[in-house]
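Chains as they are written, first to last, in the working numbering: chain A, 130 to 345; chain B, 3 to 276.
Every residue, glycine too, gets a C-beta built ideally from N, C-alpha and C.
Computed from a predicted structure; not experimentally measured.
Written out below as structure tokens is the structure these notes cover.
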């Protein structure tokens, strides 16, 4: 095997495009995962069984089926909707939806970790439910779970190459395309491997620092 | 310290209808069970407006349960509770008594404030916001009105220098004084005090009791107090009620209960704690 720096140089423009798409998928996927996860966690605490049960069943289903299968399924369903950039859009929705079922559990743990005395104080002050959640419970619960949510962002980063299978041109997609065009797979794959470490490792250090700061 | 920001019943805008002949709190045949354990057994008792009543008795006698029922943190299995003439856990609909809806319960509950053993301040809010949160969002006060009320109460509890601190930056005694101010900011007709000094280091107890004594002596708020501080009970109470096994053993003035109790069970209990 021969290492060819000129192949690295030739790959770089495609690589940067792949980095952008990866980060785009990561940021948008995370936002969906954070928002939907919170929605699922709150729905699972609903007094209404008609809300609680379907959401529990759906999140269990999504959590227990492979992301890859979900991406293929979504891609063929959403293909009929004529979305802009269908590969990336499907990838973002797939990643966000899949991870929302994990973040829902994180939020659930965070909410259950708020001491019962906080709920009692809210009752004693007759705070309305919207205020209890927005001003008291969620700020405390989310503070506790920021590090755990961050760890799922790192997991999502590592799962992001999966969206290449439906044609999204993120880092792995770009590397595969470059390899197919030039018959030089080693350099692009190595470059994106290093890139993943360079993004994921500092991010995990940041999460540990956050954990020390927030969870006391 | 001053109680100017907490109106007495003689003030024109007083929330305390003192001496009108009706009881402010009425328990009628209230039964509370936890599983098979009967904590309150067809308990009936009442408290007149403006009275300071201390509940004493051994652990598990049902004292704290009474406070928690009044605060709607627990629901009775049987019986009714009235506060200022309104049913707390029931409401009248079409001439019938039915379990109360959330809105009714919230309205009646506004008449009651509670101070907890573990303070239960909101750790994500500074002292001032801990006190203004409910007056703004429950009573509909403007931020300025709520802050003015909060500052007056912080003056009453001697903590005006701490408005910009988080609860974690305060001592246990200071946190409990903020919790007292927070409860009073709602201008409740009844203040429930649930072993408010039990979680405090001994040197911090006196400050909290001083504040409560001050409130007891300078306002006409009705107080229902569960405490193991017998000297405090003797000092502030109009009535002392001795509980055992979910029933009232006896009640009377502090002088009578502490000096000349009628029942053997009361003598035994006081002998153990005094």
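Chain B within 8 Å of residue i, Cβ atoms only
i: residue 301 of chain A; result: no
i: residue 200 of chain A; result: no
i: residue 226 of chain A; result: no
i: residue 241 of chain A; result: no
i: residue 340 of chain A; result: no
i: residue 160 of chain A; result: no
i: residue 71 of chain A; result: What the structure shows of chain A is the stretch from 130 to 345, and residue 71 of chain A is not part of that stretch, so it cannot be assessed.
i: residue 329 of chain A; result: no
i: residue 250 of chain A; result: yes
Any chain A beta carbon closer than 8 Å to residue i
i: residue 191 of chain B; result: no
i: residue 135 of chain B; result: yes
i: residue 271 of chain B; result: no
i: residue 266 of chain B; result: no
i: residue 174 of chain B; result: no
i: residue 98 of chain B; result: no
i: residue 202 of chain B; result: no
i: residue 179 of chain B; result: no
i: residue 75 of chain B; result: yes
i: residue 236 of chain B; result: no
i: residue 115 of chain B; result: yes
i: residue 151 of chain B; result: no
i: residue 112 of chain B; result: yes
i: residue 15 of chain B; result: With a pLDDT of 38 at residue 15 of chain B, under the threshold of 50, the modelled position of this residue cannot be trusted, and the question is left open.
i: residue 244 of chain B; result: no
Neighbour list for residue i in chain B, Cβ cutoff strictly below 8 Å
i: residue 177 of chain A; result: Neighbours of residue 177 of chain A on chain B: none; closest Cβ ~14 Å, over 8 Å.
Neighbourhood of residue i by C-beta, 6 Å cutoff - its chain only, sequence neighbours within 5 removed
i: residue 6 of chain B; result: Legend: pLDDT at residue 6 of chain B = 46, less than 50; position of this residue unreliable, value from coordinates given subsequently. If we look at residue 6 of chain B and ignore the five residues flanking it on each side, it has no Cβ neighbours.
i: residue 266 of chain A; result: 243
i: residue 1 of chain B; result: Here chain B has residues from 3 to 276 only, and residue 1 of chain B is not among them.
i: residue 169 of chain B; result: 123, 125 and 177
Residue of the options minimising C-alpha distance to residue i
i: residue 44 of chain B; options: B:100, B:96, B:80 and B:209; result: B:80
i: residue 212 of chain B; options: B:160, B:227 and B:116; result: B:160
i: residue 107 of chain B; options: A:243, A:213 and A:257; result: A:257
i: residue 148 of chain A; options: A:329, A:339, A:343 and A:334; result: A:329
i: residue 61 of chain B; options: B:206, B:196 and B:38; result: B:196
i: residue 160 of chain A; options: A:247, A:285 and A:251; result: A:285
i: residue 205 of chain B; options: B:254, B:273, B:175 and B:69; result: B:175
Beta-carbon neighbours of residue i, restricted to chain B and to distances below 9 Å
i: residue 257 of chain A; result: 108, 139 and 140
i: residue 265 of chain A; result: 124, 126, 127 and 135
i: residue 343 of chain A; result: Correct list: empty, because the minimum Cβ distance to chain B is about 12 Å.
i: residue 238 of chain A; result: By Cβ distance, chain B contributes nothing, its closest Cβ being about 18 Å from residue 238 of chain A, past 9 Å.
Whole-number beta carbon distance between residue j and residue i, since they are thought to touch under 8 Å
i: residue 138 of chain B; j: residue 83 of chain B; result: Their Cβ separation, rounded to whole angstroms, is 28 Å, which puts residue 138 of chain B and residue 83 of chain B out of contact at 8 Å.
i: residue 165 of chain B; j: residue 129 of chain B; result: 5 Å
i: residue 26 of chain B; j: residue 198 of chain B; result: So it is not a contact: roughly 20 Å between Cβ atoms.
i: residue 292 of chain A; j: residue 223 of chain A; result: 7 Å
i: residue 277 of chain A; j: residue 235 of chain A; result: 5 Å
i: residue 41 of chain B; j: residue 64 of chain B; result: 5 Å
i: residue 229 of chain A; j: residue 166 of chain A; result: 4 Å
i: residue 295 of chain A; j: residue 201 of chain A; result: 7 Å
i: residue 194 of chain B; j: residue 90 of chain B; result: Actually they are not in contact, since the Cβ atoms of residue 194 of chain B and residue 90 of chain B sit about 13 Å apart, beyond 8 Å.
i: residue 116 of chain B; j: residue 253 of chain A; result: 4 Å
i: residue 251 of chain B; j: residue 268 of chain B; result: 6 Å
i: residue 136 of chain A; j: residue 311 of chain A; result: 7 Å
Interface partners of residue i on chain A, CB under 7 Å
i: residue 120 of chain B; result: 246
Cβ neighbours of residue i in the same chain (closer than 7 Å, five flanking residues each side left out)
i: residue 307 of chain A; result: 140, 143 and 317
i: residue 184 of chain A; result: 169, 172 and 173
i: residue 227 of chain A; result: 191, 196 and 199
i: residue 19 of chain B; result: Here residue 19 of chain B scores only 35 on pLDDT, less than 50, and its place in the model is too uncertain to base an answer on.
i: residue 280 of chain A; result: 336
i: residue 149 of chain B; result: 130 and 134
i: residue 12 of chain B; result: Confidence at residue 12 of chain B is low in this model, with a pLDDT of 35, below 50, so the placement of that residue should be treated as unreliable; the coordinate-derived value is given next. Here the set comprises nothing.
i: residue 163 of chain A; result: 232 and 278
i: residue 23 of chain B; result: Legend: pLDDT at residue 23 of chain B = 47, less than 50; position of this residue unreliable, value from coordinates given subsequently. Same-chain partners within the cutoff: there are none.
Partner residues on chain B for residue i, Cβ-Cβ distance less than 7 Å
i: residue 268 of chain A; result: 126
i: residue 316 of chain A; result: Here the premise fails: no neighbours, minimum Cβ distance about 50 Å.
i: residue 260 of chain A; result: 139
Residue i: contacting residues in chain A (beta-carbon distance under 8 Å)
i: residue 225 of chain B; result: Within chain A, no residue comes near residue 225 of chain B; the closest Cβ sits about 15 Å away, beyond 8 Å.
Neighbourhood of residue i by C-beta, 8 Å cutoff - its chain only, sequence neighbours within 5 removed
i: residue 154 of chain A; result: 217, 220, 221, 224, 289, 292, 297 and 299
i: residue 238 of chain B; result: 54, 56, 214, 215, 218, 219, 225 and 227
i: residue 132 of chain A; result: 315 and 316
i: residue 241 of chain A; result: none
i: residue 212 of chain A; result: 218 and 219
i: residue 181 of chain A; result: 172, 173, 174 and 175
Interface residues of chain A facing residue i [CB-CB closer than 9 Å]
i: residue 232 of chain B; result: Ordered by position in chain A, no residue passes the 9 Å Cβ test against residue 232 of chain B, which lies about 26 Å from the chain.
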